[in-house]
Every structure is written in C-alpha cells, then in structure tokens.
Amino acid sequence: MNAELTFLFIIEVIGTIAFAISGIRMAAAKHFDWFGAYTVGLVTAIGGGTLRDILLGIPVFWMQTWWYLAVTGLSLFIVIAFKKILVKTQILFIFDTIGLGLFVVIGIQKTIAADYPFWVAVIMGVITGALGGVIRDILVNNEPLLFQKDIYATACFAGGIVYWIMSLTGASQLAQGLACAAVVILIRILAVRFSWSLPVLNQNE
Amino acid sequence: MNAELTFLFIIEVIGTIAFAISGIRMAAAKHFDWFGAYTVGLVTAIGGGTLRDILLGIPVFWMQTWWYLAVTGLSLFIVIAFKKILVKTQILFIFDTIGLGLFVVIGIQKTIAADYPFWVAVIMGVITGALGGVIRDILVNNEPLLFQKDIYATACFAGGIVYWIMSLTGASQLAQGLACAAVVILIRILAVRFSWSLPVLNQNE
Amino acid sequence: MNAELTFLFIIEVIGTIAFAISGIRMAAAKHFDWFGAYTVGLVTAIGGGTLRDILLGIPVFWMQTWWYLAVTGLSLFIVIAFKKILVKTQILFIFDTIGLGLFVVIGIQKTIAADYPFWVAVIMGVITGALGGVIRDILVNNEPLLFQKDIYATACFAGGIVYWIMSLTGASQLAQGLACAAVVILIRILAVRFSWSLPVLNQNE
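Chains as they are written, first to last, in full-length UniProt numbering: chain H, 1 to 205; chain Y, 1 to 205; chain Z, 1 to 205.
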C-alpha cells in the first residue's frame, strides 16, 4: 500500500508539473512577466481541484501542504532552462495526458469519500481535470480551448463513466481508478492522433 | 400547498431551460462543439445559484438532484431540433423573463431562510438572476452584456426592493414572491419594449 | 486600542474607495452604465477578500455589514462629481497604494486568526490585495494588467514576506502590520517612479 501511495504521489507531481508548464508557456506567449507566468501556471495546476473542494465543502487541498507551490516554482525553472527541448518533443503532451487521467481519478475519489452520489463524482472528475485549463484561458484572455478543440473534457467524462460502471461490478478501488485513468489517457491520445472532434453546433446567426 | 410547490417547480424548470438555451445559442454562434455548448448552457443556468450558495455557506443546490443536468440536456436537444422556431419567435424572451423573475425570488427566499439580513437577500436575488449570464459572456469571451444593454440586473434589483417592502407590510411569503417576480418581469418587458437603459458613465479618457 | 481600531477602519474605508474608483473608472472607459460601473467597482473592492474568505472557509466579510456597499456608492458619486480633479491629480494613486498595503495586512491577519500556517497567509495577503483588480480586468474584458505592468502583486508578496520575518522576531502584531504595509507602499511607489518591472518570459513561439 505504501508503494502504491508513493506511486500515486509521483504521478500527481508529474501531472501538476505538466499542467503548470502548460499555463506558464501560454503566459510566456503573451509576454507576461515571471510573477504572472508563475501565477497562471499555479492556477492552471490547482484551479480545478480548488473549485471541486469549494463545491464539496471540504478543505482546499493545496492549503494543506506547500508542495504544490514548490512544484509550480520547479515548473517555472524547467520552462526557463529547457525551453528548446520542451518545444521540440512530445514529452509535455505525454505528462499532461497522464496527469489528466490521475486528476480525474482524484476528483472522483474525493467526491465519493465526501458521501456524494456518483453522478456528482463524475462532474467533479471533469472539473478537476479540465477547469484549470479554462481558468488559464480566461486569465490570458483567450477563448477557452476546451470548448473548441480536441476532446479534452470529453475524455474526462468518459473516464468518469467507466469508473462508475467499474464500481457497479464490485471491482477494487485501485482497479476502478486504473481503468478510469487508462480510458482518459487512451481517448486523449487517440483523439489527438486521429484528429477526433465533437460536432460543432450550427445555428447560422 | 402541494399544488403551489408543483407550480413553482414547473416555473423553475422553464426558467432553467430558458437560461440554458440562451447559453447554448451563444456558444453555437461561436462554433463551440456540443460538449462546450452543453457546458456553457449549464453554467448559464446554474452559475448564479452556485455562487449564491457558496457565499451563503449552504449546500450547492444542483448537487442535491440530477434534474438540472437533465434539463440542460433537454435544452441542448431543443436548440438542435427547433432552431428555426426559436430564432423567429419571442417565446425564448418570455421564458427567460419568467425564469428571471422566479430565480430572483428563489435567491431571496434561500438567503432569508439562512438567517441573513434583507439587504444581503436583495444582492443574492440579483446574483441568482443575473450572474449566470455574466459567466456565460466571460466563457465565450464577450464583454458582459449585463453591463451594457437593457436593464436586466436592474430589474432584479427593483424586484428585490419590492420583496423587501412587501415583507415590512406583513404580507404572506407567497404575496411577497409574486409581487417581486411581477416587478422583475414587468420592468424587463417594458425596458425591452421602450428601449429603456441606464445612463452611461462619461469620463472622456 | 480604540483609537487604533478607528484608524484602521478609516484606512480600510479609504482603500475600499480607491479600489472601487479604479473599477468604476475602467468601466466608464468602456461605456458601461451606472449599474455596471457600480458592480465593477464593488467587485474590484471586495473581490479579493471574498475569494480569501471562501478559501479559508470563514464568513464572507462584506455580508456582515452593509457599509462596503455604501462606500462603493459613495465612490460612484465621487467619480461623477469630481472626475476632472481625479484625472489630473495623483491622489488616486496614493489612496490606492495605501489601501493596497492595508488590504495585504488584513488578509494576513485573518488567515493567521483562522489557524493557517504563514505561507498560506502570505498567499491570502496577495489575493486580498491583488485579485480584485484581476476580476475587474476580466469583467471589462481586458488582459489582466496585474500580469503585464508594474509590480503590484510582487509588492504584496514582498510585504507578506516582511510580515512573516517580523513575526519570527517576536515583534508586536501592530509592528508586523506596519512594517508589512510600509514595504508594500514603498515598493509600489518606487516601482512606479523608477519604472521597475519583472523580466518578461521569452519563449519565441
């Protein structure tokens, strides 16, 4: 169990770094200063979980330990030191996708632990995974990418549904979480590779 | 009493649909996909009440029952199936205005029930009625319409004041609510018909 | 002690007016109506403290007394009546800077009183001082100035660190608060006078 918790912790750190870096790089593209870039990175990484905790009425997770702030600082350092490597490789996409899968699982588990029904947990999984990016886009004054490209939030939603179905089969919590994360990651990768997208609403107005 | 509650419930459903549709149609005009349009519709319908419940420190209303999510799904279906009828008729404006009136009443009643003074209740009435539209405009990256056209929020405010005055006269809660909703609806309709608007601040800068 | 509380109260009123006026004037520049300008002014003045109170899980400060609403109304009157004086003099900048210093102190003291560690208090100081301006910029659909010009939030952060250091020396709470506010005010004034700014992140993308 200890090894499992350590594993989850490492994945959450990697996911947080990936989310923070995506915010920092978007802020850099808009010529924000270091402080602004750090702030956008932090909000991207913790924004979804913060709204989840406020809605659930539980203590806000990043106020319990300083390491989310430290990890965001590390992310800023990585962006400054390794920008050429980051731009050229796919490594950020891979981290971001793994982090997304785990963030959805965390959101669902916290909601179930707070005694909410499963349909609320699915929504909290989507919020935990996808809202940070929406706040990031609002802060840099872009139209939220979430609502226009790829199927980021849809992948979170599908993962949540799989978690729900698995819970009905009596599978262990670990198996439920792994299946959920696997579905989120798989759909996200396939969607980007094959340019999947949801149909656009046409209203001619 | 049972008939009265059923009546209020039906009006709230209609108001929720009208609010959700206004969000979905604005998302469609910006070429969002279905998921994005659903999300914008949902946030338009529940955003005001969500902030109200967070500020009051009471359980968030839409997490207690799944029907707000279902009604938003119905709204998406309506937009896709009946878009020509929606564009041509005034029916949306009528629903939206009735819903606005009731949302203000709900916001005031919940605040009073949570033992806050009346001036807080008036603000919560305005937030419940008008904030969903502000979040909608931010999500689709428009300047909030609330602050530029018609007197949407002002109608909510006037309704809240009338509710307050009625409460001082010892009228029944039903009478207070009806008078409040009637004022909101009347002012909104008159404002649109006669192009009322508040004076613009001129600062030449 | 009574004189000290009265002094703090007067400074908080002045800070609230300065923050509200900055919101109202930005709304006026975008041709908002009076109601919209009042709302933007109110949110600028109370937005940071509201998020702080929600995150800390304590009652929201402006719902305990109506005077924040009244003071914002006074601010609107000041903007309408004295716009020429406001545009020409530096008085607004001075009020705004003094208010900023005190808002940071209030945010830190409330967080410590709610039994959070000091690194959370520093963040809450920054949020109390700087977030209102970010929400103001989002509402009028500007890119948040915070992230682009001067070192507004950085001054708050530096003040928070000084408060923290002072608390380790066993200085009185009053001395801690005065040192913190002085640092915020000094850095802000020096930054504007000498055009200090943080380095911009360059990412060529």
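C-beta atoms are modelled at their ideal positions from N, C-alpha and C, and glycine is treated no differently. All figures in this text were calculated on a predicted structure; none of them were measured in a lab.
Best match in the options for proximity to residue i [C-alpha to C-alpha]
| i | options | result |
| --- | --- | --- |
| G101 of chain Z | Z:N142, Z:V126, Z:F32 and Z:L198 | Z:V126 |
| A181 of chain Y | Y:L198, Y:V122 and Y:S195 | Y:V122 |
| G47 of chain H | H:V120, H:I11 and H:M124 | H:M124 |
| F95 of chain Y | Y:R193, Y:F194 and Y:F19 | Y:F19 |
| H31 of chain H | H:L139, H:A155 and H:G170 | H:L139 |
| residue 209 of chain Y | Y:S172, Y:A3 and Y:I17 | Missing from the structure shown is residue 209 of chain Y; chain Y here goes from 1 to 205 and no further. |
| G73 of chain Z | Z:V40, Z:K84 and Z:F93 | Z:V40 |
| G49 of chain Z | Z:Q90, Z:I135, Z:S167 and Z:A171 | Z:I135 |
| L8 of chain Y | Y:L69, Y:L174 and Y:D137 | Y:L174 |
| D137 of chain H | H:L5, H:M26, H:V13 and H:T6 | H:M26 |
| I120 of chain Y | Z:W196, Z:L69 and Z:G133 | The question names Ile, yet the displayed sequence has Val at residue 120 of chain Y. Out of Z:W196, Z:L69 and Z:G133, Z:L69 has the C-alpha closest to the C-alpha of V120 of chain Y. |
| I78 of chain Y | Y:I189, Y:N141, Y:G170 and Y:S22 | Y:S22 |
| R193 of chain Z | Z:A3, Z:F93, Z:N141 and Z:T6 | Z:F93 |
| Q90 of chain Y | Y:G170, Y:L5 and Y:I189 | Y:I189 |
Neighbourhood of residue i by C-beta, 7 Å cutoff - its chain only, sequence neighbours within 5 removed
| i | result |
| --- | --- |
| residue 207 of chain Z | With chain Z running from 1 to 205 in the structure shown, residue 207 of chain Z is simply not present. |
| K83 of chain Z | none |
| V13 of chain H | V71 |
| V183 of chain Y | A158, G159 and V162 |
Contact test: residue i Cβ vs the ligand HEM heavy atom, cutoff 6 Å
| i | result |
| --- | --- |
| I46 of chain Z | With respect to the ligand HEM, the structure offers nothing, as it holds no ligand at all. |
Listed by chain order, chain Y residues near residue i by CB distance under 7 Å
| i | result |
| --- | --- |
| residue 207 of chain Z | Outside the shown range of chain Z, which is 1 to 205, sits residue 207 of chain Z, and nothing can be said about it. |
Contacts of residue i in chain C (Cβ-Cβ under 8 Å)
| i | result |
| --- | --- |
| A175 of chain Y | As a matter of chain content, chain C is missing from the structure shown, whose protein chains are H, Y and Z. |
Three-state secondary structure (DSSP) of residue i
| i | result |
| --- | --- |
| V60 of chain Y | coil |
| D115 of chain H | coil |
| V200 of chain Z | strand |
| E205 of chain Z | Model confidence at E205 of chain Z stands at a pLDDT of 46, short of 50, so the residue's coordinates are unreliable and nothing is read from them. |
Chain-order list of residues whose beta-carbon lies under 8 Å from that of residue i (same chain, five-residue window excluded)
| i | result |
| --- | --- |
| D53 of chain H | P59, V60, F61 and K110 |
| L76 of chain Y | A20, I24, W34, A37, Y38 and G41 |
| I161 of chain Y | V122 |
| Y116 of chain H | L56 and M124 |
Proximity below 7 Å, CB of residue i to CB of residue j
| i | j | result |
| --- | --- | --- |
| L131 of chain Y | W34 of chain Z | no |
| V71 of chain Z | G177 of chain Z | no |
| I187 of chain H | A158 of chain H | yes |
| A45 of chain H | I24 of chain H | no |
| V118 of chain Y | W67 of chain Y | One point to set straight first is that residue 118 of chain Y is Phe, not Val, in the sequence displayed. The answer is no: Cβ separation not under 7 Å. |
| G15 of chain Z | G99 of chain Z | yes |
| L201 of chain Y | A81 of chain Z | no |
| L51 of chain Z | A114 of chain Z | no |
| T97 of chain Y | I11 of chain Y | no |
| M166 of chain Y | A155 of chain Y | no |
Proximal residues of chain H, C-beta to C-beta of residue i below 7 Å
| i | result |
| --- | --- |
| A45 of chain Y | Near A45 of chain Y there are no residues of chain H at all, since even the closest Cβ is about 14 Å away, more than 7 Å. |
Residues that residue i contacts on chain Z, provided the C-beta gap is smaller than 8 Å
| i | result |
| --- | --- |
| V120 of chain Y | M63 |
Amino acids of chain Y, ordered along the chain, whose beta-carbon sits closer than 9 Å to that of residue i
| i | result |
| --- | --- |
| D137 of chain Z | Going along chain Y, no residue has its Cβ under 9 Å from D137 of chain Z, so there is no contact; the nearest lies around 11 Å. |
| A153 of chain H | F35, G36 and T39 |
| W67 of chain Z | None at all; the shortest Cβ gap to chain Y is about 11 Å. |
| Y116 of chain H | M63 |
Residues of its chain near residue i, where Cβ-Cβ distance is below 6 Å and the 5 sequence neighbours each way are ignored
| i | result |
| --- | --- |
| E205 of chain Z | Confidence at E205 of chain Z is low in this model, with a pLDDT of 46, below 50, so its placement is unreliable and no value can be given for it. |
| G107 of chain Z | R52, M124, G125 and T128 |
| S172 of chain Y | none |
| I112 of chain Z | A121 |
Interface partners of residue i on chain Z, CB under 7 Å
| i | result |
| --- | --- |
| S197 of chain Y | D33 |
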